[in-house]
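Below is one structure, written out as structure tokens; comments come after it.
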Amino acid sequence: MRILYQLLVVLLLMLQGAAGQPFVPGHPCRAQNGRCFPGICRRPYYWVGTCPNGFSCCRRYVEA
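Below, the structure is given as structure tokens:
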């Protein structure tokens, strides 16, 4: 019975990989749907974090 739970975990990891989503995101800014800009974020973007190279991680503002 215990092996069924382990097989379920492996199956879910395979399905996640097949969907194109990495298990551990490689780029934290892209994981937040952002882009790296030097300096500050300007319109229509707003600041969501810092990129690994020190730039600002900015996301585009979208009205719902």
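In mature numbering (1 follows the signal peptide of the UniProt record, and there is no 0), the protein residues as written are -20 to -1, 1 to 44. No residue lacks a Cβ here, since even glycine has one placed at the ideal position from N, Cα and C.
Buried/exposed call for residue i, threshold 16 Cβ in 10 Å
i          : result
glycine 14 : buried
Where the beta strand (DSSP E) through residue i begins and ends
i           : result
cysteine 38 : 36 to 40
When the options are compared against residue i, the one with the closest alpha-carbon
i             : options                             : result
glycine 29    : Gln12, Leu(-13), Tyr41 and Arg23    : Gln12
histidine 7   : Met(-7), Pro24, Ile20 and Cys37     : Cys37
asparagine 33 : Ile(-18), Met(-7), Leu(-8) and Cys9 : Cys9
cysteine 16   : Pro24, Cys31 and Tyr25              : Cys31
Segment limits, alpha helix (DSSP H) that includes residue i
i           : result
arginine 23 : It is not in any alpha helix (DSSP H) - arginine 23 carries neither H nor E in the DSSP assignment.
DSSP beta-bridge partners of residue i
i           : result
glycine 29  : Cys37
arginine 15 : Cys38
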